[in-house]
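Going by full-length UniProt numbering, the sequence shown wraps up at 564, each residue one higher than the last.
We put the beta carbon where it would ideally sit given N, CA and C, even for glycine.
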Amino acid sequence: MFSWIFIPLFLQIPNFFCVFISYNISKCYYIIAEDFHHKGDVVIGAFFPIHTYHTMNKVPHPYLPYYYMDNYLQYNFKSYQYILALLFAIEEINGNPNLLPNISLGFDFYNVRFTEKDTLMNVCMWLTAHREKFILPNYNCEKKYFTAALTGTSWTISAQIGTLFQLFKFPQLSFGPYDPILSDRNQYSFLYQIAPKSSSLSLGIVSLMVHFRWSWVGLILPDDHKGNKILSDFKNEMERKGICIAFVKMIPATWSSHLNQFWKNIDETNVIIIYGDIDSLEGLMRNIRQRLLTGKVWVMNIEPHFTDYADYFFLDSFHGSLIFTYHYSERFEFTNFIQTVNPYKYPEDIYLPKLWHLFFKCSFSDNGCQLLNNCQFNASLDALPRHIFDESMSDESTSIYNAVYAVAHSLHELTLQQVQMEPYENGEETLFFPWQLNSFLKDIEVGGQMRLDWRQEVNVKYDILNIWNLPKGLGRKVKIGSFSPNAPQGQQLSLTEQIIQWPEEFSEIPRSVCSESCGHGFRKVILEGNAVCCYKCTPCAHNEISNKTETDMLFNEIQLKIQK
1 MFSWIFIPLF LQIPNFFCVF ISYNISKCYY IIAEDFHHKG DVVIGAFFPI HTYHTMNKVP
61 HPYLPYYYMD NYLQYNFKSY QYILALLFAI EEINGNPNLL PNISLGFDFY NVRFTEKDTL
121 MNVCMWLTAH REKFILPNYN CEKKYFTAAL TGTSWTISAQ IGTLFQLFKF PQLSFGPYDP
181 ILSDRNQYSF LYQIAPKSSS LSLGIVSLMV HFRWSWVGLI LPDDHKGNKI LSDFKNEMER
241 KGICIAFVKM IPATWSSHLN QFWKNIDETN VIIIYGDIDS LEGLMRNIRQ RLLTGKVWVM
301 NIEPHFTDYA DYFFLDSFHG SLIFTYHYSE RFEFTNFIQT VNPYKYPEDI YLPKLWHLFF
361 KCSFSDNGCQ LLNNCQFNAS LDALPRHIFD ESMSDESTSI YNAVYAVAHS LHELTLQQVQ
421 MEPYENGEET LFFPWQLNSF LKDIEVGGQM RLDWRQEVNV KYDILNIWNL PKGLGRKVKI
481 GSFSPNAPQG QQLSLTEQII QWPEEFSEIP RSVCSESCGH GFRKVILEGN AVCCYKCTPC
541 AHNEISNKTE TDMLFNEIQL KIQK
């Protein structure tokens with residue numbers, strides 16, 4: 001039953017993981033709650049997608065709509081970092097005597113599942129503080145003090161939840177990529193996006209294409225408003241720089257592993273740009289893994305998220321890939337914090353026991369599935385392979401960290417204002433309503449860059465990362481450059497080429513052209529109906545001999561047209 005899990009583990013992972021060959025996974029591993037709670041005087045709602053369910057044959061449930069009988073539990077342990085970023089920020093704030101003194105922050109976590117019904121049910125359960133899936137509208141059964149909710153990663157999750165929060169003027173902070181739909185103040189008046197808004201990603205990626213003289217590239221984008229917008233941006237930038245699009249593939253909303261037509265003509269180019277968010281690209285990444293599509297340089301705006309911990313061959317498809325991520329200052333305190341996390345320190349956490357059982361040989365008790373303290377010595381999250389769990393803060397985790405601080409500072413200002421207006425006797429609680437935070441959240445600055453509300457577009461700096469997959473299965477992200485839109489022309493892109501690892505099929509910088517350059521004494525003839533990058537070479541006439549290659553001439557011609 002579990003043999004497909006253990007064979008790759010034996011082949012790919014360090015010695016202390018090899019115990020899994022003879023180690024059966026407990027049934028407790030597959031029993032999971034949908035929520036857990038970290039105590040505090042006031043609480044933040046956290047709606048994150050950490051585990052989900054997938055179906056192989058889509059056998060419909062006899063009476064529950066949108067449910068299947070053959071559902072399989074699937075963890076995304078890499079996204080578990082979201083919870084740790086939340087916990088790390090809260091512990092920092094609770095330990096700061098100058099921020100929210102005498103008030104402790106806590107959180108209520110709810111897993112975001114795959115249906116809108118389940119997502120909204122969890123939101124209603126949180127708002128009413130009722131845990132029996134019986135909703136009592138406008139009642140708070142435990143008299144909890146709510147502050148705000150964090151939602152993501154996709155815009156669809158935040159939009160679904162936002163329609164409900166809008167009714168109560170409840171503050172909501174979205175930590176996923178910035179989306180123009182969520183900035184509609186008429187529809188989402190109390191939703192604040194933490195991620196920076198930037199239109200320079202296409203410019204950065206195209207600058208990379210120009211640097212390596214990749215003139216023939218493919219595009220894979222989500223089939224939604226964001227995909228159409230970035231497609232327009234890419235087309236404009238590529239046309240300006242003389243780069244041709246080999247193909248454009250739009251990822252359907254419902255991914256099917258049987259879409260063989262999708263991968264038709266994939267071999268036309270060596271370089272393929274993938275753009276999207278974690279949720280929209282999950283099916284695509286899984287399909288790339290299944291097909292073992294190696295020999296491609298994938299240029300992406302997010303790192304691959306691996307939901308299947310057992311497949312240590314998965315990263316082979318992405319070895320040598322290049323990733324554009326927002327530049328943030330490293331938080332070494334977060335790395336130190338991760339090293340202290342364990343299931344005995346945070347017994348309320350529903351995911352840590354699974355990780356400790358799976359990777360550190362911990363046993364569950366026969367009754368109640370309690371984790372026993374019989375684990376391997378020095379068990380720690382920082383010992384896990386990086387494609388399962390990464391210590392460095394992701395873009396989403398950084399947004400969560402910033403969002404918690406935005407809520408804390410807003411609450412701090414609110415309590416100061418209340419004390420000044422109506423001094424309270426010693427021991428008397430300061431009362432507030434969540435909607436009162438909105439006026440403060442609109443004025444809070446995140447990361448010293450911009451206001452949360454009506455924020456102005458900024459040109460952020462990007463780090464360029466290279467996925468290294470040596471030793472195989474233990475992929476690491478190595479910074480090999482950066483892109484700064486505000487830098488002077490010619491200095492925007494910075495690369496350290498000598499440390500770049502390319503896919504194993506290439507011993508040097510890959511080439512990605514439609515037609516090879518015409519040598520001295522030859523001229524290009526563009527074929528009718530083809531892109532300008534696709535041509536054939538014919539001998540020059542007697543008085544037309546050139547000492548330049550056709551590639552140099554092509555780029556010079558393009559630049560000349562732009563100047564005119």
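{"Check": "Under a Cβ-count criterion, where at least 16 other Cβ atoms within 10 Å of its own Cβ denotes burial, should residue 33 be classed as buried or exposed?", "Outcome": "exposed"}
{"Check": "Is the Cβ-Cβ distance between residue 163 and residue 434 less than 9 Å?", "Outcome": "no"}
{"Check": "Please list the terminal residues of the continuous beta strand (DSSP E) segment that includes residue 272.", "Outcome": "271 to 274"}
{"Check": "Are residue 189 and residue 169 touching if we call contact CB-CB under 9 Å?", "Outcome": "yes"}
{"Check": "I'd like the ranges of any alpha helix (DSSP H) spanning at least 4 consecutive residues and lying wholly in the segment 463 to 515.", "Outcome": "none"}
{"Check": "Under 9 Å, do residue 323 and residue 93 count as touching if we go by C-beta distance?", "Outcome": "no"}
{"Check": "CA-CA distance, residue 261 and residue 36?", "Outcome": "43 Å"}
{"Check": "Reducing DSSP to helix, strand and coil, say where residue 431 ends up.", "Outcome": "coil"}
{"Check": "Helix or strand or just coil, what does DSSP make of residue 566?", "Outcome": "There is simply no residue 566 to check, as the chain begins at 1 and stops at 564 in what is shown."}
{"Check": "Helix, strand or coil: how does DSSP classify residue 597 here?", "Outcome": "Outside the displayed range of the chain (1 to 564) lies residue 597, so it cannot be described from this structure."}
{"Check": "For residue 298, list the residues DSSP reports as bridge partners.", "Outcome": "272"}
{"Check": "How is the alpha helix (DSSP H) around residue 225 delimited, first residue to last?", "Outcome": "225 to 241"}
{"Check": "Report back the beta-carbon spacing between residue 521 and residue 539 to the nearest angstrom; my notes put them in contact at under 8 Å.", "Outcome": "6 Å"}
{"Check": "Only counting the same chain, and skipping five residues up and downstream in sequence, which positions put a Cβ closer than 6 Å to that of residue 178?", "Outcome": "193, 195, 197"}
{"Check": "Given residue 356, which residues of its chain have a CB within under 8 Å of its CB, disregarding the five upstream and five downstream residues?", "Outcome": "342, 343, 362, 371, 375, 379"}
{"Check": "Can you tell me whether DSSP reads residue 539 as helix, strand or coil?", "Outcome": "strand"}
{"Check": "From this set, 493, 339, 84, 52, which residue's C-alpha is nearest residue 211's C-alpha?", "Outcome": "493"}
{"Check": "For residue 291, which of helix, strand or coil comes out of DSSP?", "Outcome": "helix"}
{"Check": "Kindly indicate which residue of 86, 83, 161 has the alpha-carbon position closest to the one of residue 115.", "Outcome": "161"}
{"Check": "From residue 569 to residue 410, what does the alpha carbon distance come to, in whole angstroms?", "Outcome": "The structure shown has nothing for residue 569, since the chain only spans 1 to 564."}
{"Check": "Let me know the beta strand (DSSP E) ranges lying completely inside the segment 45 to 124, each 3 residues or longer, listed in chain order.", "Outcome": "51 to 55, 71 to 75, 105 to 111"}
{"Check": "Curious, which full-length alpha helix (DSSP H) runs of at least 4 residues does the segment 342 to 376 contain?", "Outcome": "352 to 360"}
{"Check": "Would you kindly report the start and end of the unbroken alpha helix (DSSP H) that includes residue 411?", "Outcome": "395 to 421"}
{"Check": "Would a C-beta distance cut-off of 9 Å place residue 568 and residue 330 closer than the cut-off?", "Outcome": "With the chain running from 1 to 564 in the structure shown, residue 568 is simply not present."}
{"Check": "Could you tell me the distance, in whole angstroms, from the CA atom of residue 73 to the CA atom of residue 395?", "Outcome": "26 Å"}
{"Check": "Helix, strand or coil, according to DSSP, for residue 436 in the structure here?", "Outcome": "helix"}
{"Check": "Under 8 Å by Cβ, that's how I've got residue 217 and residue 181 pegged, so tell me the actual separation to the nearest angstrom.", "Outcome": "At roughly 28 Å, the Cβ-Cβ gap does not stay under 8 Å, so residue 217 and residue 181 are not in contact."}
{"Check": "Look at residue 109 and residue 46 and say whether their C-beta atoms are less than 9 Å apart.", "Outcome": "yes"}
{"Check": "By the 10 Å Cβ neighbour count, where 16 or more other Cβ atoms means buried, how is residue 513 classified, buried or exposed?", "Outcome": "buried"}
{"Check": "Give me the Cβ distance between residue 400 and residue 120, rounded to the nearest whole Å; I'm assuming they're in contact under 8 Å.", "Outcome": "Actually they do not touch by this definition, with Cβ atoms about 21 Å apart."}
{"Check": "Measuring straight from C-alpha to C-alpha, what distance separates residue 502 and residue 297?", "Outcome": "7 Å"}
{"Check": "How far does the alpha helix (DSSP H) with residue 574 in it extend, from its first residue to its last?", "Outcome": "This structure leaves residue 574 out entirely; the chain is present only between 1 and 564."}
{"Check": "With a Cβ-Cβ cutoff of 9 Å, do residue 353 and residue 280 count as a contact?", "Outcome": "no"}
{"Check": "Are there 16 or more other CB atoms within 10 angstroms of the CB of residue 287, so buried, or fewer, so exposed?", "Outcome": "buried"}
{"Check": "Going by other Cβ atoms of all chains shown within 10 Å of its Cβ, with 16 needed for buried, is residue 421 buried or exposed?", "Outcome": "exposed"}
{"Check": "For residue 460, I'd like the list of residues in its chain whose CB is within less than 6 Å of its CB, leaving aside the five on either flank, ordered along the chain.", "Outcome": "196, 198, 326"}
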